[in-house]
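Residue numbers (the working numbering): 721 to 875.
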Amino acid sequence: MEALASQGLRVLAFAHRLHDSRFTEGGFMGSNTPHREHIERDLTIVGLLGIYDPPRPESMNLKYGVFTPEFLCDMLFYGLAEAGCILGPFTLVIWGFANGDLGTDCNVAYSDSCTPMFRARATAYAATTWIFVFFAWKLIDLRRSFFYMPDDLRG
(Lines of atoms letter the chains of each structure in order from A and count residues from 1; the text may use other names and numbers.)
(Lines give C-alpha, C1' and ligand atoms only; values in the text may rest on other atoms or scores of the structure.)
Protein backbone atom coordinates (compact mmCIF):
# COMPACT_ATOMS: atom_id res chain seq x y z
CA MET A 1 0.00 0.00 0.00
CA GLU A 2 2.75 2.48 0.93
CA ALA A 3 4.72 1.58 -2.20
CA LEU A 4 1.75 2.44 -4.42
CA ALA A 5 1.07 5.64 -2.51
CA SER A 6 4.69 6.79 -2.84
CA GLN A 7 4.38 6.47 -6.63
CA GLY A 8 1.25 8.60 -6.62
CA LEU A 9 -1.19 5.80 -7.42
CA ARG A 10 -4.48 6.15 -5.59
CA VAL A 11 -7.57 3.96 -5.72
CA LEU A 12 -10.93 5.14 -4.48
CA ALA A 13 -13.41 2.31 -3.87
CA PHE A 14 -17.16 2.76 -3.55
CA ALA A 15 -18.88 0.06 -1.54
CA HIS A 16 -21.98 -0.52 0.51
CA ARG A 17 -23.42 -3.01 2.94
CA LEU A 18 -26.79 -3.56 4.53
CA HIS A 19 -27.19 -2.03 7.97
CA ASP A 20 -25.63 -4.17 10.65
CA SER A 21 -27.42 -3.97 13.99
CA ARG A 22 -24.10 -4.58 15.74
CA PHE A 23 -23.14 -0.96 14.92
CA THR A 24 -24.99 0.76 17.73
CA GLU A 25 -24.33 3.49 20.23
CA GLY A 26 -23.03 0.88 22.67
CA GLY A 27 -20.12 0.12 20.39
CA PHE A 28 -19.31 -2.67 18.00
CA MET A 29 -19.62 -6.15 19.45
CA GLY A 30 -18.80 -4.91 22.96
CA SER A 31 -15.97 -2.62 21.87
CA ASN A 32 -16.16 1.13 21.34
CA THR A 33 -13.78 1.00 18.39
CA PRO A 34 -14.41 -1.56 15.66
CA HIS A 35 -11.42 -3.20 14.02
CA ARG A 36 -10.68 -2.59 10.35
CA GLU A 37 -11.40 -6.23 9.49
CA HIS A 38 -14.92 -5.94 10.90
CA ILE A 39 -15.64 -2.73 9.01
CA GLU A 40 -14.43 -4.06 5.65
CA ARG A 41 -16.22 -7.41 5.95
CA ASP A 42 -19.20 -8.24 3.64
CA LEU A 43 -18.90 -5.11 1.50
CA THR A 44 -20.39 -5.03 -1.98
CA ILE A 45 -18.07 -3.13 -4.32
CA VAL A 46 -20.01 -0.68 -6.48
CA GLY A 47 -17.09 0.82 -8.35
CA LEU A 48 -13.39 1.64 -8.37
CA LEU A 49 -11.73 4.83 -9.46
CA GLY A 50 -8.01 4.92 -10.20
CA ILE A 51 -6.24 8.24 -9.75
CA TYR A 52 -2.69 9.16 -10.64
CA ASP A 53 -1.59 11.82 -8.19
CA PRO A 54 2.21 12.12 -8.29
CA PRO A 55 3.90 13.72 -5.30
CA ARG A 56 5.12 17.25 -5.97
CA PRO A 57 8.92 17.59 -6.00
CA GLU A 58 8.90 20.37 -3.41
CA SER A 59 7.05 18.14 -0.95
CA MET A 60 9.48 15.26 -1.19
CA ASN A 61 11.74 14.41 1.75
CA LEU A 62 10.50 16.99 4.19
CA LYS A 63 12.81 17.15 7.16
CA TYR A 64 10.26 18.39 9.70
CA GLY A 65 6.76 18.04 8.26
CA VAL A 66 4.13 20.25 9.87
CA PHE A 67 5.83 20.87 13.20
CA THR A 68 8.85 22.93 12.19
CA PRO A 69 11.19 24.29 14.86
CA GLU A 70 9.89 27.77 14.03
CA PHE A 71 6.31 26.66 14.69
CA LEU A 72 7.24 24.90 17.95
CA CYS A 73 9.15 27.95 19.23
CA ASP A 74 6.24 30.22 18.31
CA MET A 75 3.84 27.89 20.09
CA LEU A 76 6.00 27.86 23.23
CA PHE A 77 6.62 31.62 23.24
CA TYR A 78 3.05 32.64 22.49
CA GLY A 79 1.67 30.05 24.90
CA LEU A 80 3.77 31.39 27.77
CA ALA A 81 3.03 35.00 26.82
CA GLU A 82 -0.71 34.36 26.59
CA ALA A 83 -0.74 32.47 29.89
CA GLY A 84 1.02 35.39 31.56
CA CYS A 85 -1.37 37.91 30.00
CA ILE A 86 -4.37 35.93 31.23
CA LEU A 87 -3.16 34.92 34.69
CA GLY A 88 -1.55 38.31 35.39
CA PRO A 89 -4.80 40.32 35.50
CA PHE A 90 -6.52 37.51 37.42
CA THR A 91 -3.75 37.57 40.02
CA LEU A 92 -3.80 41.37 40.15
CA VAL A 93 -7.54 41.47 40.82
CA ILE A 94 -7.46 38.74 43.49
CA TRP A 95 -4.33 39.71 45.40
CA GLY A 96 -4.03 43.37 44.47
CA PHE A 97 -7.59 44.57 44.97
CA ALA A 98 -9.25 41.80 47.02
CA ASN A 99 -6.36 40.94 49.38
CA GLY A 100 -6.35 37.29 48.32
CA ASP A 101 -9.99 36.59 49.19
CA LEU A 102 -10.98 33.65 46.97
CA GLY A 103 -14.45 33.20 48.47
CA THR A 104 -16.04 29.93 49.55
CA ASP A 105 -18.07 27.53 47.38
CA CYS A 106 -18.23 30.06 44.53
CA ASN A 107 -18.99 27.32 41.99
CA VAL A 108 -21.95 26.08 44.06
CA ALA A 109 -23.77 29.23 45.14
CA TYR A 110 -23.28 32.98 45.04
CA SER A 111 -22.33 34.88 48.17
CA ASP A 112 -20.76 38.28 48.83
CA SER A 113 -17.41 36.61 49.46
CA CYS A 114 -17.43 35.42 45.83
CA THR A 115 -17.56 38.90 44.28
CA PRO A 116 -13.75 39.27 43.97
CA MET A 117 -13.48 35.81 42.41
CA PHE A 118 -16.15 36.59 39.82
CA ARG A 119 -14.48 39.93 39.03
CA ALA A 120 -11.15 38.18 38.58
CA ARG A 121 -12.74 35.56 36.33
CA ALA A 122 -14.43 38.23 34.23
CA THR A 123 -11.11 40.04 33.89
CA ALA A 124 -9.40 36.83 32.77
CA TYR A 125 -12.17 36.10 30.24
CA ALA A 126 -11.95 39.62 28.83
CA ALA A 127 -8.17 39.30 28.52
CA THR A 128 -8.60 35.91 26.84
CA THR A 129 -10.99 37.39 24.29
CA TRP A 130 -8.54 40.13 23.30
CA ILE A 131 -5.63 37.71 23.23
CA PHE A 132 -7.54 35.45 20.83
CA VAL A 133 -8.28 38.45 18.60
CA PHE A 134 -4.59 39.40 18.46
CA PHE A 135 -3.57 35.78 17.97
CA ALA A 136 -5.95 35.43 15.02
CA TRP A 137 -4.48 38.62 13.59
CA LYS A 138 -0.98 37.18 13.99
CA LEU A 139 -2.01 34.01 12.12
CA ILE A 140 -2.48 36.03 8.92
CA ASP A 141 1.15 35.26 8.14
CA LEU A 142 3.20 32.86 10.26
CA ARG A 143 6.55 34.11 8.96
CA ARG A 144 6.08 37.85 9.32
CA SER A 145 6.33 39.72 12.56
CA PHE A 146 3.11 40.63 14.31
CA PHE A 147 4.12 44.30 14.09
CA TYR A 148 5.11 44.19 10.41
CA MET A 149 1.86 43.39 8.65
CA PRO A 150 1.30 43.67 4.89
CA ASP A 151 0.32 47.14 3.66
CA ASP A 152 -3.22 46.12 2.74
CA LEU A 153 -3.96 44.99 6.33
CA ARG A 154 -2.97 48.19 8.07
CA GLY A 155 -5.82 50.35 9.30
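C-beta: ideal position from N, C-alpha, C; glycine also. Given the structure is predicted, the values throughout are model-derived calculations rather than measurements.
Alpha carbon to alpha carbon, what distance is there between residue j and residue i?
i	j	result
N819	T788	44 Å
T843	M837	10 Å
P777	G785	14 Å
R756	G767	20 Å
V828	F797	36 Å
F817	F852	26 Å
A801	I860	19 Å
M689	K783	Nothing can be reported for residue 689, as the shown portion of the chain is limited to 721 through 875.
R761	L738	11 Å
G799	T824	30 Å
A723	L763	25 Å
W850	P774	44 Å
L807	C793	21 Å
DSSP three-state call for residue i: helix, strand or coil?
i	result
Y830	coil
R756	helix
F810	helix
A856	helix
Y798	helix
T824	coil
A733	strand
Output needed for residue i: all residues of its chain with C-beta closer than 8 Å, excluding positions within five of it in sequence on either side, in chain order.
i	result
Y772	G728, L729 and R730
If contacts are defined as beta-carbon pairs under 8 Å, then residue i and residue j qualify, I think. What distance do you get, rounded to the angstrom?
i	j	result
A735	I765	5 Å
A856	I814	No, A856 and I814 are not in contact; Cβ-Cβ is about 28 Å, not under 8 Å.
C805	A847	6 Å
Report yes if the C-beta distance between residue i and residue j is below 8 Å; otherwise report no.
i	j	result
S833	D821	yes
Got a sec? Which residues, its chain only, sit under 6 Å from residue i by beta carbon, not counting five neighbours each side?
i	result
L769	L732
C826	C834 and M837
Tell me which same chain residues have a C-beta within less than 7 Å of the C-beta of residue i, skipping the five on either side of it?
i	result
I811	For the sequence presented, residue 811 should be read as Thr rather than Ile. Hits under 7 Å: none found.
P809	T843, A844 and A847
Within 8 Å of any Cβ in chain D, is that where the Cβ of residue i sits?
i	result
G823	Protein chain content of the structure displayed is limited to a single chain, and chain D is not contained in it.
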